[in-house]
Amino acid sequence: MLPTLLEININGSINMIGYALATLGPAIGVAWIFASVINGTARQPEARGAMMGTAWIGFAVVEALAIIGIALAFVLQ
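If you use UniProt numbering, the sequence shown corresponds to residues 1 to 77, in order.
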């Protein structure tokens with residue numbers, strides 16, 4: 001049988017709730033990364049360049065988790 005529109009809507013909503021929960025980890029990770037850079041820059045201003053390069057790499061890795069999360073939300077229906 002073909003699924004009804006209500007069944008599709010419920011499954012989609014559950015997937016989006018799962019995605020919303022999955023984005024909490026990357027959001028906290030990005031906040032910690034840049035909070036650490038700000039703290040490190042305040043302590044040792046001359047090391048700002050090295051810390052920012054590392055922060056952008058860490059930011060990209062953490063954001064990849066959010067992209068994987070949204071991909072799984074659409075794939076796992």
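Here a beta-carbon is modelled for each residue, glycine too, at the ideal position from N, C-alpha and C.
{"Asked": "Using a Cβ-Cβ cutoff of less than 6 Å, which residues in the same chain neighbour A22 once the five nearest sequence positions on both sides are dropped?", "Found": "G69"}
{"Asked": "Indicate the three-state DSSP secondary structure (helix, strand or coil) for L21 in the structure shown.", "Found": "helix"}
{"Asked": "Alpha carbon to alpha carbon, how far is A66 from A42?", "Found": "29 Å"}
{"Asked": "Run the CB neighbour count on P26, radius 10 Å, all protein chains shown included, and call it buried at 16 or more, exposed below.", "Found": "buried"}
{"Asked": "Indicate the three-state DSSP secondary structure (helix, strand or coil) for residue 80 in the structure shown.", "Found": "Absent from the model: residue 80. The displayed extent of the chain is 1 to 77, so no value can be given."}
{"Asked": "Considering only residues of the same chain and omitting the five flanking positions on each side of I38, which have a CB-CB separation below 8 Å?", "Found": "none"}
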